[in-house]
Amino acid sequence: AAEWLEARIRDTKAHEVIDWEIFEAATHRLRPEQRVHLLRLLPRSRIWEPLVRFLVAKDEEVFRNFLEMRDLRFAHLAPLGGAPDEPWGPLALAALDAGRTAREIVCESLDGDERARLVHPGSWRPWRQGFEALADNEDPRLREVAREGLRLVEEREEADRRCLRETEIEGIHAAV
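Okay, so the sequence shown: first residue is 337 according to this note's numbering, each after it adds one.
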């Protein structure tokens, strides 16, 4: 799998459509040192951010090695995309250790998950629950991330409520 991935990284052009499911499947049995090696081979292009997430695979040591790759700084926070879960906290601490801010980390969590998110009540619940779980962490830096996360989740929940109200009002006017 490592050799196949290395060949794909070297041969894929920036304009090509990439089937990320195949890439993700190929990363499952890689050892940490293979993951780090492949991360070092990545071209400086945002198209590789999904592969960054698959290669880091919420492994703190792989992530810390990746954070040392200065030429890929633009993609350093990609593994933090999505709602915080148990392995997310150590990755957030590693990003803080590398000089990233709580706000940068939270924004990546909220915006960096490319899966479509429909506006509906409760759509931010996984993020709220994840940040609430971090709010009591013994590390004050993670508590700061949690506070920032909860603040931004509240802003997004309020924006969603406004959007839903506007949609309902438009629907009422259209029906009249």
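Cβ coordinates follow ideal geometry from the N, Cα and C atoms, glycine included.
Asked: Three-state secondary structure (DSSP) of Trp-337; Found: Contrary to the premise, residue 337 reads as Ala rather than Trp in this sequence. Correct three-state label for Ala-337: coil.
Asked: Ala-438, enclosing alpha helix (DSSP H) - first and last residue; Found: 438-447
Asked: DSSP-derived helix/strand/coil call for Arg-367; Found: coil
Asked: Unbroken alpha helix (DSSP H) run spanning Val-398, endpoints; Found: 396-403
Asked: Nearest neighbour of Glu-369, chosen from Phe-402, Ala-428, Ala-431, Ile-441 [CA to CA]; Found: Phe-402
Asked: Where Ile-441 falls, given that 16 or more other Cβ within 10 Å makes a residue buried; Found: buried
Asked: Cutoff 7 Å; reference Phe-399; Cβ partners in own chain excluding five residues on either side; Found: Val-392, Pro-415, Leu-427, Ala-430
Asked: Reduced DSSP secondary structure (H/G/I, E/B, other) of His-373; Found: helix
Asked: Range covered by the alpha helix (DSSP H) that runs through Pro-420; Found: Note, Pro-420: premise wrong, no alpha helix (DSSP H); not H, not E.
Asked: Sub-7 Å separation of Ala-337 and Arg-365 beta-carbons; Found: yes
Asked: Between the CA atoms of Trp-424 and Glu-474 - distance to the nearest angstrom; Found: 15 Å
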